[in-house]
Amino acid sequence: MQADETLPLLLKQLSLPSMYAHYASQADEASSGHWSYTRYLSCLCDLELTSRRQRRMARYIKASKLPPGKTLSCFDFKANASINPAQIEALSEQTDWVRAGHNVVILGPSGIGKTHLASAIGYRLIEQDLRVLFMTTMGMVELLQKARAELKLSALLSTLARIPLLILDDISYAKKSEMETSVLFELIAERYESSSLLITSNQPFSEWDQIFPDTTMAVAAIDRLVHHAVVISVQGESYRKTHSMDKNLR
Ligand code: ADP
Ligand code: MG
Numbered sequence: 022m023q024a025d026e027t028l029p030l031l032l033k034q035l036s037l038p039s040m041y042a043h044y045a046s047q048a049d050e051a052s053s054g055h056w057s058y059t060r061y062l063s064c065l066c067d068l069e070l071t072s073r074r075q076r077r078m079a080r081y082i083k084a085s086k087l088p089p090g091k092t093l094s095c096f097d098f099k100a101n102a103s104i105n106p107a108q109i110e111a112l113s114e115q116t117d118w119v120r121a122g123h124n125v126v127i128l129g130p131s132g133i134g135k136t137h138l139a140s141a142i143g144y145r146l147i148e149q150d151l152r153v154l155f156m157t158t159m160g161m162v163e164l165l166q167k168a169r170a171e172l173k174l175s176a177l178l179s180t181l182a183r184i185p186l187l188i189l190d191d192i193s194y195a196k197k198s199e200m201e202t203s204v205l206f207e208l209i210a211e212r213y214e215s216s217s218l219l220i221t222s223n224q225p226f227s228e229w230d231q232i233f234p235d236t237t238m239a240v241a242a243i244d245r246l247v248h249h250a251v252v253i254s255v256q257g258e259s260y261r262k263t264h265s266m267d268k269n270l271r
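The opening position of the sequence shown corresponds to residue 22 in the working numbering, with each subsequent residue numbered one higher.
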């Protein structure tokens with residue numbers, strides 16, 4: 022068999038779909054442009070890597086369950102002077118805090134942009150090849166409780182530990198009076214110093230004894246969370262409120 026005939030079969034067998042799709046057109050370009058053999062091969066490898074990366078990003082974004090559209094490009098930093106754009110940029114562009122298993126806690130009243138910021142950071146980190154999972158804290162507590170009832174909690178915690186950044190939105194909505202929240206402590210303890218958490222909360226730490234079954238557990242959870250953490254306190258008026266007022270005024 023001629024190389025022209027075997028090459029596509031080999032590329033298929035090696036699961037190199039982009040090289041397979043482009044080997045012929047690139048060969049034409051290579052011969053008209055007098056490319057070296059290495060240039061031709063590296064061009065094909067480059068195409069394969071680029072398309073793999075794009076497919077991986079799309080997979081990560083889908084799996085992350087991040088709220089659609091809440092990215093940095095549509096976040097208006099001028100709307101809230103208490104948010105430091107450089108700090109958010111650094112958390113978005115630098116992956117070292119995630120690789121070190123450090124945490125971020127965003128505190129502040131409702132409607133101020135906490136969920137948007139958390140998601141925006143998540144999207145940027147995915148672009149840098151990190152897996153992220155976004156969940157409401159209540160959703161996570163339910164998931165953990167179900168796993169515990171089925172004696173699968175430690176398996177679930179191990180699966181979650183393989184996701185470098187877990188975003189838990191609205192921790193203060195998880196109330197000990199309504200849910201069995203000790204699983205949340207187990208999650209925080211399991212991830213301590215190994216995989217990151219980004220948590221948003223409407224309530225300051227002083228109110229977190231409403232979340233955990235007792236004050237000792239609340240203190241132990243906060244201790245582990247903030248030992249290596251950036252805590253961002255956002256203040257001011259709700260963006261939702263001021264912008265719906267703007268619209269009404271217009
Ligand atoms: P929180 O989580 O603090 O309650 P959200 O992040 O849900 O607030 O923000 C409420 C709404 O306002 C969302 O639609 C969000 O996209 C928008 N929003 C908040 N702050 C800003 C901002 N600075 N720039 C653009 N949109 C914002
Ligand atoms: Mg929110």
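The beta-carbon is built from N, C-alpha and C at its ideal position, and this holds for glycine as well.
Everything numeric in this text was worked out from a predicted model, so none of it was measured.
Mapping the DSSP letters down to three states, classify I133 as helix, strand or coil. coil
What are the residues that DSSP puts in a beta bridge with N279? Here the chain covers residues 22 to 271 and nothing more, so residue 279 does not appear.
Looking at T136 and ligand 2, is the gap between the Cβ and the nearest heavy atom below 6 angstroms? yes
S259 and I133: beta carbons closer than 7 angstroms? yes
For F155 and C64, the rounded distance between their alpha carbons: 36 angstroms
Run through the segment 216–262 for me and flag every whole alpha helix (DSSP H) of 4 or more residues, listed as ranges in chain order. 236–248
Roughly how many whole angstroms lie between the Cα atoms of I109 and F98? 10 angstroms
Helix, strand or coil for I184, going by three-state DSSP, please let me know. coil
Delimiting residues of the beta strand (DSSP E) encompassing M200: No beta strand (DSSP E) holds M200; DSSP gives it neither H nor E.
Thinking C-beta only, is V162 closer than 7 angstroms to T202? yes
Where does L174 fall in DSSP's three states? helix
Indicate, with yes or no, if ligand 1 has a heavy atom lying under 6 angstroms from the CB of R76. no
What first and last residue would you give for the alpha helix (DSSP H) that runs through T92? Unbroken run through T92: none, as it is neither H nor E.
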